[in-house]
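In the numbering used here, the protein residues as written are 11 to 146.
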């Protein structure tokens, strides 16, 4: 999703305000998630339970940032659903060729939903592992 957002102009749209996703929000979400993944991989390799807890703590802001992006994405996506059902005319200001469409509007719904489901499952499984509920 990060690659699609960038390829559709997410970084270029920062100045004009076309995107609803500030670059800091997007890259913080990605960076913390990548860091959490590295720490999580270190946990089974070393068996150190504290690494599972660090991974879980890293996933909390990842989830919060993800929810912020979801809340910003839904109105953008709904805006597209409303406008795609109406014919374009020369009187619409948004139909001009120079009008930038928000980069996040191109994120496919199934991809966003799948990403969210896997994220929730991951947070739950990391917590279960950190608590030792599944056993040794």
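Glycine included, every Cβ here is placed at the ideal spot set by N, Cα and C. Model, not experiment: these values are computed from the prediction.
Just measuring C-alpha positions, the residue of 138, 143, 133, 84 sitting nearest residue 70 is 133. Less than 9 Å separates the beta-carbon of residue 115 from that of residue 89. Taking 9 Å as the cut-off, the beta carbon of residue 20 is found closer than this to the beta carbon of residue 29. According to the DSSP assignment, residue 40 belongs to the alpha helix (DSSP H) that extends over 33-56. Counting along the chain, residue 30 sits inside no alpha helix (DSSP H), nor does DSSP assign it H or E at all. About 6 Å separates the CB atoms of residue 136 and residue 50; that is less than 8 Å, so the two are in contact.
Cβ contact annotation for residue 11 (same chain, cutoff 7 Å, sequence separation greater than five): 117, 121, 125, in chain order.
Judged by beta-carbon spacing, residue 43 lies beyond the 9 Å limit of residue 53, meaning their Cβ atoms are not closer than that value.
In the structure shown, the three-state DSSP call for residue 112 is coil. DSSP, reduced to helix, strand and coil, places residue 21 outside both helices and strands of the structure shown, so it counts as coil. Between residue 78 and residue 18, the alpha-carbon positions lie close to 20 Å from each other. In the three-state reduction of the DSSP assignment, residue 118 falls in the coil class, being assigned neither a helical nor a strand state.
The shortest C-alpha to C-alpha distance from residue 138 to any of 66, 45, 36, 46 is the one to 66.
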